[in-house]
Amino acid sequence: MPGDEFSWRGRNYTPDRMGDAIRAAKASEGVTSVVLLYGDDATVQDIVDVAIIARAAGLPAFYKQGDKLNPITVSR
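What follows is the structure, encoded as structure tokens:
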């Protein structure tokens, strides 16, 4: 979404709030990973934000480009 927000289930979230929402859904709904549906307008920052969201929820992160699912790895 424009303005550094992500859309999920009809709501828009900042990366921090999205991490909270995904963490809650992990336990209650069995969410197992975070995937960025990579479009032509996605940026490297979007990929970094998805990694941050996934890390906050304790889940693996991926981005989907075409038919390929690519893991996002963060080393620190």
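Each residue of the sequence shown is one higher than the one before, counting from 739 in my numbering.
We put the CB at the ideal spot given by N, CA and C, even for glycine.
Under the three-state reduction of DSSP output, A794 falls in the helix class. With a threshold of 16 other beta carbon atoms within 10 Å, D742 falls short and is exposed. Under the three-state reduction of DSSP, V782 is assigned to helix.
Burial state of L807 is exposed, judged by a 10 Å Cβ sphere holding fewer than 16 other Cβ atoms. Apart from sequence neighbours up to five positions away, the residues of its chain that approach A763 with a beta-carbon distance below 6 Å are V769, ordered along the chain. Taking the Cβ atoms as the reference, I810 lies roughly 6 Å from V788, within the contact range of under 8 Å. Under a 10 Å Cβ-count criterion, G748 is classified as exposed, with fewer than 16 other Cβ atoms of the shown protein chains found around its own Cβ. Contact check for R761 against A792 fails: the beta carbons are separated by 8 Å or more.
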